[in-house]
Every structure is written in structure tokens, then in C-alpha cells.
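> Residue numbers (the working numbering), protein chains in the order written: chain E, 22 to 238; chain U, 22 to 238; chain C, 22 to 238; chain B, 22 to 238; chain A, 22 to 238; chain W, 22 to 238.
In this text, a Cβ means the ideal position worked out from N, Cα and C, and glycines have one as well.
Number of protein chains: 6
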Amino acid sequence: MPAARRILVINPNSNDAVTRGLEAALAPLARPDIAIACRTLAEGPFGIETQADVERVTLPLRDLVVREAADATVIACYSDPGLHVCREATPRPVLGIAECGVLTALARADRFGVIAIRARSIPRHLRQLRQMAVIDRLAGERALEMSVAETAGGRDTLARMIAVGRDLRDRDGAGAVVMGCAGMAAHRRALEDELGVPVIDPTQAAVAMALGLVAVG
Amino acid sequence: MPAARRILVINPNSNDAVTRGLEAALAPLARPDIAIACRTLAEGPFGIETQADVERVTLPLRDLVVREAADATVIACYSDPGLHVCREATPRPVLGIAECGVLTALARADRFGVIAIRARSIPRHLRQLRQMAVIDRLAGERALEMSVAETAGGRDTLARMIAVGRDLRDRDGAGAVVMGCAGMAAHRRALEDELGVPVIDPTQAAVAMALGLVAVG
Amino acid sequence: MPAARRILVINPNSNDAVTRGLEAALAPLARPDIAIACRTLAEGPFGIETQADVERVTLPLRDLVVREAADATVIACYSDPGLHVCREATPRPVLGIAECGVLTALARADRFGVIAIRARSIPRHLRQLRQMAVIDRLAGERALEMSVAETAGGRDTLARMIAVGRDLRDRDGAGAVVMGCAGMAAHRRALEDELGVPVIDPTQAAVAMALGLVAVG
Amino acid sequence: MPAARRILVINPNSNDAVTRGLEAALAPLARPDIAIACRTLAEGPFGIETQADVERVTLPLRDLVVREAADATVIACYSDPGLHVCREATPRPVLGIAECGVLTALARADRFGVIAIRARSIPRHLRQLRQMAVIDRLAGERALEMSVAETAGGRDTLARMIAVGRDLRDRDGAGAVVMGCAGMAAHRRALEDELGVPVIDPTQAAVAMALGLVAVG
Amino acid sequence: MPAARRILVINPNSNDAVTRGLEAALAPLARPDIAIACRTLAEGPFGIETQADVERVTLPLRDLVVREAADATVIACYSDPGLHVCREATPRPVLGIAECGVLTALARADRFGVIAIRARSIPRHLRQLRQMAVIDRLAGERALEMSVAETAGGRDTLARMIAVGRDLRDRDGAGAVVMGCAGMAAHRRALEDELGVPVIDPTQAAVAMALGLVAVG
Amino acid sequence: MPAARRILVINPNSNDAVTRGLEAALAPLARPDIAIACRTLAEGPFGIETQADVERVTLPLRDLVVREAADATVIACYSDPGLHVCREATPRPVLGIAECGVLTALARADRFGVIAIRARSIPRHLRQLRQMAVIDRLAGERALEMSVAETAGGRDTLARMIAVGRDLRDRDGAGAVVMGCAGMAAHRRALEDELGVPVIDPTQAAVAMALGLVAVG
């Protein structure tokens with residue numbers, strides 16, 4: 022019997038609750054022939070909020086990618102930490118959720134909006150979008166101004182996301198909304214129902230693309 | 022028992038051999054809970070080579086999309102015929118293989134190349150890439166100068182694809198190659214093995230994204 | 022005596038009142054040696070408001086262009102339906118009014134604004150502008166939120182156009198305004214007088230370019 | 022009897038032979054109700070080849086535009102000297118032939134090429150195209166490496182233009198060619214016949230647009 | 022003893038108070054081995070506010086640059102008058118303060134804002150930014166709506182600059198602010214202290230770059 | 022007596038010969054009132070050639086920047102490692118040599134070329150240029166295909182640089198050339214003399230900008 026194929030989804034922060042949230046969000050994508058394994062990066066900070074947090078996880082992430090040698094790897098943090106160094110370290114696909122979330126939004130609507138956790142992340146995200154050369158499709162990015170922890174667990178998160186999502190849709194002209202944090206996953210469906218435009222969970226988007234790449238080999 | 026979910030993949034030309042080729046290319050993506058149904062558009066021409074061919078299939082395609090009411094639809098022609106009118110006709114996802122092939126290439130490499138069937142299609146493809154606002158990632162597009170029929174069946178197709186792919190990689194700097202026709206699907210793996218860079222079959226790319234969208238509902 | 026040269030201006034909707042409005046708007050452009058013939062597309066819908074309306078007129082338009090074999094053809098609908106298929110069908114110039122209206126605005130001011138009939142057309146127009154690769158000159162697009170019929174005939178149209186034009190000029194920084202519908206033609210001069218910046222009727226712009234192309238032959 | 026409307030076409034160099042060439046090129050555009058008056062700028066150098074030549078004609082051009090008070094003015098030099106200061110000096114349309122030549126090319130083909138007189142002008146033209154925000158439509162620019170005088174009069178000019186035009190079409194992918202000097206006007210039709218793609222004389226293009234603007238008032 | 026190296030800083034308006042303001046602003050950049058000589062252009066207008074003002078100083082500026090033959094020249098007006106003709110006239114570096122101010126801002130923050138004197142200059146500045154191909158980094162430009170004279174001397178200038186700078190920072194997302202006039206130099210430090218983001222005096226920026234170019238020879 | 026102001030120039034590789042080369046290249050920029058201190062990053066690899074090399078030095082660099090608390094810091098590696106995390110860690114200016122080298126080239130010529138050490142770095146550099154939103158000014162990038170060590174010391178380096186520089190100038194149209202490695206510094210003047218267009222050493226460019234920022238405080 023051949024070894025099962027496997028996609029590694031790494032939560033680069035050390036908050037296991039976020040990892041469990043990813044598992045829940047990814048459960049509908051499960052298929053019998055390709056395992057989806059979610060891992061918490063032990064070396065990660067509790068939340069990735071600063072550029073220093075991003076840099077700190079880069080090499081441990083790379084080491085984990087090499088060690089696990091999965092058929093494909095998804096880096097489940099919207100800053101796509103370590104994306105290029107991981108790609109250098111393995112010939113197998115390594116996908117970042119920011120890239121895949123945005124690319125999937127581009128397949129759903131003319132222009133997209135992004136819900137950020139905090140305003141200070143927006144310049145970092147704009148750098149990514151310019152680097153990707155897709156920024157002309159950005160309708161706007163707006164911040165919840167909550168911490169990663171609050172976003173994942175707080176009672177008011179969905180209400181804030183709906184308010185921000187409406188501004189993206191009605192003021193900025195976004196035809197789809199990307200949730201700019203892996204920790205927002207639980208709210209995707211409710212937010213989409215409320216807004217009436219596609220809402221993209223970037224981890225789901227990346228895992229879907231990874232499944233496709235692994236399946237066709 | 023709930024009705025099974027289903028992705029409709031439409032070959033807009035009337036060449037059943039191409040449709041069977043799509044079925045073969047998509048077989049590895051099959052999962053038990055979501056059916057992938059490939060359909061030939063009866064009204065389509067034998068091959069879609071001109072803008073007139075594109076326009077002729079647009080409304081029959083739209084009608085088929087509405088009639089079938091699948092959970093998601095993939096238009097399996099690299100000109101993405103009828104994409105916007107189909108999206109207008111249904112709230113469910115409609116994906117074009119040119120869009121999804123290119124977007125998937127953007128998740129694999131810095132710049133991508135495209136293998137076209139004929140040089141006269143290149144301006145049409147450039148219009149699509151500018152419309153998508155991703156053209157700054159294009160390394161180059163080069164043509165086989167073969168007909169759709171020759172491409173699907175001819176003995177020399179793979180050899181020509183390898184030669185063109187090498188030019189895209191070595192002269193133009195492409196880090197990934199998109200096959201610019203649904204009929205090239207059978208050659209993906211051999212071409213990738215030969216070139217040593219990711220080769221994207223756009224129909225596989227689109228169906229992978231569609232599976233993700235349907236799975237998360 | 023040589024056959025007179027002739028420009029065909031096609032109103033792709035079946036509303037003869039719009040065609041007569043075009044004739045009135047184009048009367049000042051008349052010159053003795055080149056005829057300007059306005060035609061209603063019999064197969065067109067009463068107004069072109071959706072993508073389906075656009076697609077429905079594409080092939081009848083192409084057939085009319087081929088049948089009439091004018092020295093140049095202008096497609097007088099701001100969605101430029103069938104532009105590329107008509108160009109494929111004849112070596113003679115085929116001009117779209119959206120393209121020509123925007124290009125003429127670029128010769129008058131640094132950035133331009135567009136008055137749309139309805140907000141739902143804006144993503145379609147943005148796709149055109151990105152496809153044309155001129156979107157960095159767009160100051161903004163704003164909608165009247167009236168139907169094509171209301172726009173052509175309603176008493177309040179000019180007042181709404183002035184209000185929207187002022188927003189384009191003062192809030193968005195537009196130095197010229199393009200009227201985003203062939204049916205707005207009657208209001209050009211009054212709107213320009215009111216706004217004090219160039220106002221472009223796209224059908225006049227396209228016919229002026231067509232006259233130049235035909236005259237130099 | 023109302024004063025006749027009039028378009029002023031200024032040749033900013035002092036070479037009357039070029040002005041007479043413009044008159045010949047514009048003769049087919051003549052219409053009874055709008056005069057096209059070609060003027061040589063007395064203060065101009067014999068040819069405009071350097072940036073200093075451009076700057077030297079700027080204010081004399083502006084003064085001539087103000088003094089003549091035509092209904093519209095065309096600056097017939099491919100460097101568009103004085104375009105912005107002339108626009109500031111009059112509310113009436115002032116058109117530059119480089120802008121109008123390129124904009125007209127955009128209405129004829131997906132990407133355009135430019136035939137320059139000398140390679141040292143190319144950076145200046147690229148600055149114009151970036152300033153116009155249309156550079157993504159440029160297929161390429163190639164130089165004859167002849168002087169303005171040679172271009173206007175030399176026996177070999179057409180042969181060189183054909184050779185350069187073929188490179189633009191076949192190597193660079195240009196679907197239309199803009200002649201990058203007012204002095205090339207006599208060769209437009211022969212070049213177009215030879216290349217089989219639209220060839221744009223920029224002065225004809227600008228005067229056609231000016232006629233349209235003046236006619237609709 | 023070798024002749025001392027020297028940077029020429031030209032104030033193209035004839036207002037000596039502005040030149041003395043430049044001297045004060047540049048004093049901190051002085052180094053013993055390279056002189057910084059500020060000159061008023063005798064032929065300049067009292068303030069450069071229009072395109073005609075820009076054009077009037079172009080050739081006198083060029084003549085002064087050639088006559089002085091400094092090791093490097095800085096044109097100290099935010100419209101960068103005569104930049105390209107001066108560069109043509111000498112192989113030595115000629116720097117414009119608008120270019121250098123913006124380029125220095127790009128080394129400090131993700132996106133920058135510009136404080137203009139008057140709104141009517143904004144289209145001119147946008148043309149420069151598109152020509153430089155850096156406009157995707159512009160967060161916004163806002164005007165004080167004061168004259169050059171008021172800006173240099175008026176008591177209320179700093180207060181207006183702070184108000185406009187806050188809008189650039191908070192509404193437009195600017196991470197650095199460029200002062201869009203040489204006459205604002207005296208307010209740089211106070212404005213930076215107030216805003217808490219880098220504030221760039223473009224003349225200081227240009228002279229710093231010129232010093233580097235001259236020093237390395 | 023106030024503490025002297027100081028610019029820290031960090032060579033992030035551990036090759037002291039490169040650091041001494043930087044000291045030599047920067048000697049002409051020395052001024053009495055601001056010290057320029059070159060440091061070798063002890064933790065760095067012998068050369069930075071891969072993305073992993075880049076990532077490895079990021080946090081040690083950041084720590085050194087914080088520890089030294091210089092008035093400004095220059096990261097002297099053409100990959101600009103750690104640029105954003107260092108900026109987050111201090112309110113004082115942190116400049117990357119790739120950014121500053123390119124920005125300085127933009128002040129000297131219309132389009133620039135880059136000499137890379139190896140072809141595999143080019144996609145990384147293109148990402149930077151897209152992220153900076155200045156890629157429309159890139160004429161081309163070409164590689165020496167030598168190691169960092171060979172480049173710094175080898176006898177043939179200058180000859181290879183001249184050959185590559187000529188291709189950038191003559192084939193790609195570069196009006197200025199950026200040396201894409203801190204270790205090339207010794208060859209700047211000889212290369213510029215040979216090519217006849219400005220050649221930018223990026224470390225000199227960055228230190229010149231840093232001197233300006235520190236001097237004006």
C-alpha cells in the first residue's frame with residue numbers, strides 16, 4: 022500500500038485554539054485519499070501581530086516544512102511568513118494563505134476588499150499586494166482594530182466584521198471580501214450570509230489549491 | 022439523503038474527444054462527496070479558435086449553466102467564453118480556466134509563461150491578463166502554431182510544447198508554465214517532468230478551486 | 022462616379038428614439054463627402070442594461086457590420102458589445118464608443134470621470150478600463166441610478182447628471198467627464214456649460230475618429 | 022454670416038517644407054465648414070531633435086496659440102512641445118500629435134509600435150507614455166536613425182520605415198504602428214499597404230479629433 | 022590645491038527671501054570639502070505658480086547650469102522646471118527636488134502624501150508621478166490653498182500644514198509627507214514633530230543625494 | 022560637547038574583506054560631524070546568496086540595530102534583509118541598499134539596469150521592484166553568474182561587469198546601471214568610465230541618503 026499523501030497546514034503561532042479552529046474550518050475539505058494535518062508551530066509567539074513576530078517564525082517554519090516533507094504545505098498566517106524561504110527549501114508546493122485568499126477572490130469578483138485585524142498591518146499587506154502585482158484589483162482594506170486573540174474568541178467579532186465588510190462592499194465597491202487572518206475562519210459563512218457577496222477564508226482557499234496540486238501530482 | 026453536490030465542467034466545443042480528455046485529466050481530482058460532470062456543449066463548434074467561435078458559444082453556455090444549476094461551473098476553454106454572463110445568471114461560482122490557470126501559476130512562481138495554440142490568440146490573451154490586472158507577472162507567451170485538433174491528437178504536440186516551454190523558461194524567465202488550451206491536458210505531467218518547473222493545466226486548476234468553493238459551501 | 026464613403030453607426034438596442042437621438046447628436050459632424058448612417062439593430066433589446074443584453078447583440082451586430090460593409094463602423098453602446106468579433110470580421114475600422122469616449126477624454130484632461138446609468142455597470146466598465154490599460158487616469162465613476170429609458174427621456178436626467186458630474190469634478194478630481202451611455206447625448210452641451218470642464222459624448226468622439234480614418238483612407 | 026470656425030495646426034519647426042507636407046497630409050480631412058490652417062512657427066529651429074529644441078519653441082508656441090485664438094489647436098511635433106502651457110492659456114482644445122497618435126492607435130489594435138527618428142528620442146517618448154499611463158499597450162519603439170531632414174526628403178526613408186515597421190510587427194507584436202514624427206506623413210499609406218496593419222499619422226489623428234471637438238462645439 | 026567641488030542650488034523664482042530660506046534649510050548639510058551655493062534665478066518670476074511660470078524659467082535655468090558648470094545642480098522648485106533640458110546640456114548630475122523628495126519618501130515609508138500649495142498644481146504633480154512610474158505609492162495629495170508668498174511668510178502656514186498633514190496621515194494613510202514647495206522648508210521639523218511621521222523637505226533631499234554623487238565623483 | 026552623530030553600516034555577511042571594501046567605498050563620503058561606522062554581522066554567513074541566507078541574518082541584524090542605536094542604519098546587502106523588521110524596531114531611519122540604489126538610479130536616468138551576481142537572484146529582485154512599485158522603470162537585469170566571493174576578489178569581475186553593463190545599456194536601453202551587490206563597490210568608477218552612463222553603488226547611494234537624514238535631524 023502506498024504511503025498516504027498529506028498536506029501540512031502550519032499555524033505559525035503557538036495558540037492551539039487557532040489550530041483547532043483551522044481543523045474545524047478545513048473539515049469540509051477532507052477527502053479520503055489526502056490527509057490534511059494541522060500543526061501548531063511550537064516556536065511561534067501566541068499571536069503574529071508584528072513584523073518581528075513574522076521574522077521569528079520564518080526559520081522554524083522552514084525547518085518544520087523540511088522535516089515533515091509533506092506533499093504540499095500551507096502557511097496559515099495572513100502575513101505569509103517564510104513563504105519564499107520554504108519554497109527554496111523544497112521542490113514541493115508551499116502556499117501562503119494571503120496569496121491564495123487573494124487569488125481566489127480574483128476568481129470570484131472584479132475587486133476585493135480585505136478585513137484586517139489592525140490598521141498597522143495594512144502597509145504590510147499593501148506591500149504584499151504590490152509584490153503580487155494584483156493591487157489594481159483591491160477595492161480597499163479596513164481594520165477591525167481588535168487583537169488576534171479577541172478576533173478568534175470575542176463575542177463582538179462577527180458584529181465588527183459585518184460592519185467593516187459592509188463598508189468594504191458599499192463604500193469601497195468590493196465584490197468579494199477576504200478575511201485577513203487565519204483566526205477569523207469560524208465566521209466565514211455567517212459573514213457571507215450577511216453581506217451577500219463571496220467571503221473568502223484564506224486557509225480554506227489555500228488548502229483547496231493544495232489539494233488540487235497534490236491530487237494531480 | 023441530501024442530493025449530491027456537483028461541479029459542472031463544460032467543454033464549449035463539440036469535440037467529444039476533448040471532453041473525454043478532460044474527464045481523464047480530472048479523474049485524479051475525484052472525491053466521493055462531490056461529483057465532477059463533464060459536458061460537451063452540443064451547440065459548440067468543433068474547435069474554438071476565433072473570436073466568433075467564442076461569441077457563438079456564449080449564450081448556449083449560459084443557458085446550460087442555468088439549466089444544470091450545478092453547485093459550481095467550470096468553463097473549460099482558455100478564452101473563458103461567457104464567463105461574465107454566466108456569473109450574472111447564477112449566484113453560484115462560475116470559474117474560467119484561463120483565470121484559474123493563471124491565478125494558480127501566481128501561487129507557484131514569480132512569473133509565468135503561457136503556451137498558446139496559435140499566435141493570433143495572443144492579443145486576446147493579453148487583453149484578459151490586462152483585464153485581470155496581473156500582466157506584470159507575465160514572463161511571455163509563445164505559440165505552438167498548431168490547430169486545436171492537432172494539439173489534442175497529434176504525435177508531435179508534446180515535442181513542440183517542450184520546445185516552446187523551454188523558450189518560456191530560458192529566454193523569458195518563466196518560473197511556471199500555463200498550458201493555454203483545455204486540449205493540452207494529457208501532456209501536463211510529461212511537460213512538467215521535462216521542464217522542471219510547475220506546469221499548470223488550467224482545467225485542473227479551476228476544478229480544484231471549484232471543489233474548494235463547493236466543499237465549504 | 023465613385024460610391025460615396027459611409028460610416029455606419031449602430032444603435033444595438035431596438036429603441037428607435039435612441040437612434041434618432043444619435044442622429045441629432047451626430048448632425049454637427051456631417052460632411053458632404055462621407056455619409057453617417059445610423060441604424061437600429063432590429064434584434065436588440067429595448068435597452069442594454071445587463072451582460073446578457075450585451076451578449077445577445079454580439080453576433081447580430083457582427084452580421085450587420087459584415088452585411089453593410091461600411092468604410093468604418095461605430096458601435097454606439099457604452100459596453101462596446103461585439104467590438105472584438107466585429108474587428109475580426111472586417112479589415113475596416115470598427116470603433117467602440119466606450120473606448121473612443123475615454124481616449125478622447127485622455128486628450129483633454131489629466132484624469133477623467135464617468136457618469137454611469139447604474140452602479141451595477143461599474144465593475145464592467147472597470148474591466149474595460151483595465152483591459153485598455155488606462156485605468157490610472159480614471160478619477161472616478163458614479164451612477165445616476167436611472168434606467169436607460171429614464172435617462173433618455175426623463176425630465177430629471179440633466180439635473181442628476183449635473184449633480185453626479187459635480188461630484189466627479191470636485192470630490193474625485195476629474196478634469197473631464199465622459200457620459201457613459203449613448204442615450205445621454207442630448208445633454209452634453211448643457212452639462213458642459215454647467216460643469217465648466219470638457220464633457221465627452223462618446224458617440225460623437227467615436228464618429229469623429231471614424232471620420233478621420235475614413236477620410237485619410 | 023458667422024465667422025468661419027478654424028483649426029490651427031502649428032508646425033513648431035521653421036522648415037516650410039514640413040508645413041507643406043502637413044497641408045498635403047491633411048487635405049483629405051478638409052470639410053467646408055471648418056478651416057484647417059497650417060502655420061510654420063517662425064521662431065522654431067529647422068528641426069526639433071533635442072530637448073532644447075523642444076523648450077525653445079514652447080513660449081513662442083503658446084503666444085501663437087493665444088494670438089490666433091483658433092477654435093482648436095494642434096501642435097504638430099511628436100514631442101508635444103508646450104502642450105500643457107498652451108492648455109493653460111486657452112479654454113479651447115489644444116491637442117498634441119503624440120498623444121492623439123497613440124490614443125488613435127489604441128482604438129485600432131491591442132498593442133502599438135512607434136517608429137522614432139533617432140534612438141535618443143526614445144527615453145523622451147517613454148516618459149510621455151508613462152505620463153499618459155498607457156505604456157502597458159506599447160509593443161516597442163524602434164528608431165530609423167536618420168535626421169528629421171533626411172526623413173522628410175530622403176529617398177531611402179520609406180524603405181527604412183518598412184524595415185523598422187516589420188520588426189515592430191513581427192518581433193515586438195505591434196498590431197498598429199504610429200509614425201513618430203510629423204515629417205513622415207507622406208509615407209503613411211505606402212507603409213500601411215506594405216505592413217498590412219493600421220499605420221497612424223499622428224497629425225491626421227489629432228486633426229480628426231480636433232474636427233470632432235470643433236464640430237460639436 | 023584642487024579647485025573646490027561645488028553644488029549649485031538654483032531657486033528659479035526671483036524671490037531672494039526664498040533663496041535665503043533655502044540657505045538656512047541647507048546649512049545643516051554643509052561639509053568642508055563641497056560647497057553648496059544657492060542662487061536666485063534673476064530671470065524668474067516672483068513665484069512659480071503656473072505652467073507658464075515653469076516654462077519661462079526653463080531656458081534661463083539651462084543657461085545658468087551651463088555657465089556655472091557646478092559638479093552637480095539642484096533645481097529647487099517642486100515643478101522640476103527644466104530638468105530634462107538641463108540634463109541634456111551637461112553630463113554632470115542635475116537633480117529636481119520633486120523627484121528627489123518623492124524618492125527619499127519612498128525610502129522611509131510604504132506610501133507618501135504631498136502637501137501642495139494650491140489644488141490646481143495637483144494634476145501637474147500627478148503627471149510627474151505617473152511619468153516617474155511611482156504613483157502606486159502615493160497615498161494622496163492635498164492643498165493648503167495659499168499663495169507661495171503666504172506659504173513662505175504667513176503666520177498661519179504651519180497650522181495649515183499640520184491640518185493638511187493630519188488628513189494625509191489619517192485619512193489617506195500616508196506614512197511619510199513630502200512638502201510640495203521649496204518655500205515650506207522652515208517648517209519641516211515642527212511639522213515632523215507634530216505629525217510623528219517623516220516629513221521630507223525636497224530641497225534637503227536633493228542636496229543630500231547631490232552631495233553623495235559629487236563626493237564619490 | 023554633544024555626542025557625535027553616527028551612521029551604522031552593517032555588512033550582514035561575515036566576510037570582513039567585504040566590510041573593508043565598504044569602508045573604502047564610503048571613505049569619500051566621510052564628513053567630520055557624522056561618523057560612518059561599518060560593522061560585520063558576526064552571525065552572518067560568509068556570503069548571502071540564498072533566501073535562507075537572507076532569513077538567517079534578519080533577527081541578528083535587528084538586534085544589532087537596536088543595540089547600536091545609531092542615528093541611522095544602512096543594511097549593506099542588495100537583498101535588503103530585515104529592512105521592515107528593523108524599521109519596526111526603531112523610529113530612526115533604516116535604509117536598504119537595494120531600495121536606495123534603485124531610487125538613486127531613478128534620479129539619474131529614465132530607465133535603469135541591474136547587474137546581478139547570479140540569475141537565481143533575479144526573481145527575488147523583481148519581487149522587490151514590484152513591491153517598491155517602480156518596476157516600470159526597469160530596463161533589464163542580467164547576471165554575472167559568479168559567486169559573491171569571486172565577484173569581490175576575482176580578476177575577471179570587472180571585465181564581466183563591463184560586458185553585462187553593455188548589454189544592459191545597448192540591448193535593454195538602460196540609462197543608468199545599479200550594481201546589484203555590495204561586494205562590487207570597488208569597480209564602480211572603472212565601470213562608469215567604460216560604460217559612459219551613471220553607475221550606482223547602492224551602498225554609497227544609501228549612505229548619502231542617510232547622511233542627509235541625519236544632518237537635518
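1. What's the C-alpha gap between residue 279 of chain A and residue 75 of chain A?
2. Any C-beta of chain D sitting closer than 9 Å to the C-beta of residue 225 of chain U?
3. By Cβ distance, which residues of its chain are closer than 6 Å to residue 29 of chain E, with the 5 residues on each side in sequence left out?
4. Enumerate in chain order the residues of its own chain whose CB-to-CB distance from residue 46 of chain E is below 8 Å, with the five nearest sequence positions on each side excluded.
5. Are the CB atoms of residue 202 of chain W and residue 138 of chain W nearer to each other than 9 Å?
6. Rounded to the nearest angstrom, how far is the Cβ of residue 217 of chain U from that of residue 189 of chain U, given a contact under 8 Å?
7. Run the CB neighbour count on residue 83 of chain W, radius 10 Å, all protein chains shown included, and call it buried at 16 or more, exposed below.
8. Which of helix, strand or coil does DSSP assign to residue 16 of chain B?
9. Can you tell me the Cβ-Cβ gap for residue 152 of chain A and residue 109 of chain B, rounded? I've got them flagged as a contact below 8 Å.
10. Have a look at E/37, E/114 and E/131 and flag the residue whose alpha-carbon is nearest the alpha-carbon of residue 227 of chain E.
11. Can you find a C-beta in chain B that's less than 9 Å from the C-beta of residue 147 of chain U?
12. Taking all protein chains shown into account, decide if residue 65 of chain U is buried (16 or more other Cβ within 10 angstroms of its Cβ) or exposed.
13. Closer than 7 Å by C-beta to residue 121 of chain W: which residues in its own chain qualify, once you throw out the five before and the five after it? Chain order, please.
14. Give me the Cβ distance between residue 86 of chain B and residue 107 of chain B, rounded to the nearest whole Å; I'm assuming they're in contact under 8 Å.
15. State the DSSP-derived secondary structure class of residue 115 of chain A, mapped to helix, strand or coil.
16. Can you pull the chain C neighbours of residue 238 of chain B, defined as C-beta to C-beta under 9 Å?
17. When the Cα atoms are used, what is the spatial distance from residue 220 of chain C to residue 212 of chain E?
18. Please classify residue 136 of chain C: does DSSP put it in a helix, a strand, or coil?
19. If the cut is a Cβ gap below 7 Å, which residues of chain A does residue 125 of chain W touch?
20. Nearest CA to the CA of residue 100 of chain W: which residue from W/81, W/27, W/149 and W/131?
21. Does DSSP classify residue 156 of chain E as helix, strand or coil?
22. Roughly how many angstroms separate the alpha carbons of residue 42 of chain E and residue 35 of chain E, rounded to a whole number?
23. What in chain B is Cβ-close to residue 107 of chain C, meaning under 9 Å?
24. Nearest chain W C-beta to residue 76 of chain E closer than 9 Å, yes or no?
25. Which same chain residues end up closer than 7 Å to residue 135 of chain E when comparing Cβ atoms and leaving out the 5 residues on each side of it in sequence?
26. What are the partner residues of residue 93 of chain C, as DSSP defines its beta bridges?
27. What does the alpha-carbon distance come out to for the pair residue 78 of chain U and residue 33 of chain U?
28. Against residue 136 of chain C, what residues of chain E qualify as contacts under a CB-to-CB distance less than 9 Å, listed in chain order?
29. At 7 Å on the CB atoms, spell out the chain B contacts of residue 129 of chain C, in chain order.
30. If you follow the alpha helix (DSSP H) that residue 58 of chain B is part of, which residue opens it and which one closes it?
31. For the stretch 148 to 169 of chain B, list every residue whose C-beta sits within 7 Å of some C-beta in chain A, in sequence order.
32. Contact defined as beta carbons within less than 8 Å: I believe residue 132 of chain B pairs with residue 233 of chain B. What is the distance between those atoms, to the nearest angstrom?
33. If you run the structure through DSSP and keep just helix, strand and coil, what is residue 183 of chain C?
34. Run down chain U in chain order and give the residues with a C-beta less than 7 Å from the C-beta of residue 196 of chain B.
35. Could you spell out the range, first to last residue, of the alpha helix (DSSP H) harbouring residue 238 of chain E?
36. Look at the Cβ atom of residue 156 of chain A, then the Cβ atom of residue 154 of chain W, and state whether they are nearer than 9 Å.
To lay it out plainly:
1. Outside the modelled stretch of chain A, which goes from 22 to 238, sits residue 279 of chain A, for which no answer is possible.
2. No chain D is part of this structure, whose protein chains are labelled E, U, C, B, A and W.
3. For residue 29 of chain E, where only same-chain residues beyond five positions count, the Cβ hits under 6 Å are 58, 89, 91 and 94.
4. Excluding residues within five positions, the ones whose Cβ falls inside 8 Å are 206, 207, 209, 222, 224 and 225.
5. yes
6. The Cβ separation is near 13 Å, so there is no contact.
7. buried
8. A query on residue 16 of chain B cannot be resolved here, the shown segment of chain B reaching from 22 to 238 and no further.
9. At roughly 18 Å, the Cβ-Cβ gap does not stay under 8 Å, so residue 152 of chain A and residue 109 of chain B are not in contact.
10. E/114
11. Look at residue 147 of chain U: its C-beta is under 9 Å from a C-beta on chain B.
12. buried
13. 223, 226, 227 and 230
14. 5 Å
15. strand
16. Against residue 238 of chain B, the close residues of chain C are 49 and 210, in the order they occur along the chain (beta-carbon pairs closer than 9 Å).
17. 41 Å
18. strand
19. 230
20. If we check each option's Cα against that of residue 100 of chain W, W/149 comes out closest.
21. helix
22. 13 Å
23. Within 9 Å Cβ-Cβ: nothing; residue 107 of chain C doesn't reach chain B, min ~13 Å.
24. Yes - at least one Cβ of chain W is within 9 Å of the one on residue 76 of chain E.
25. These residues qualify, in order along the chain: 146, 162, 199 and 201.
26. C/28
27. 6 Å
28. None at all; the shortest Cβ gap to chain E is about 16 Å.
29. 114
30. That residue, residue 58 of chain B, is in no alpha helix (DSSP H); its beta strand (DSSP E) goes 55 to 61.
31. In summary, the residues of the stretch 148 to 169 of chain B whose CB is separated from some CB of chain A by less than 7 Å are 148, 151, 152 and 154, in the order they occur in the chain.
32. Taking a contact as a CB-CB distance under 8 Å, the pair residue 132 of chain B and residue 233 of chain B does not count as one, their CB atoms being some 25 Å apart.
33. If DSSP states are grouped into helix, strand and coil, residue 183 of chain C belongs with the helices.
34. 144
35. First-last for residue 238 of chain E: undefined, no H or E at that position.
36. yes
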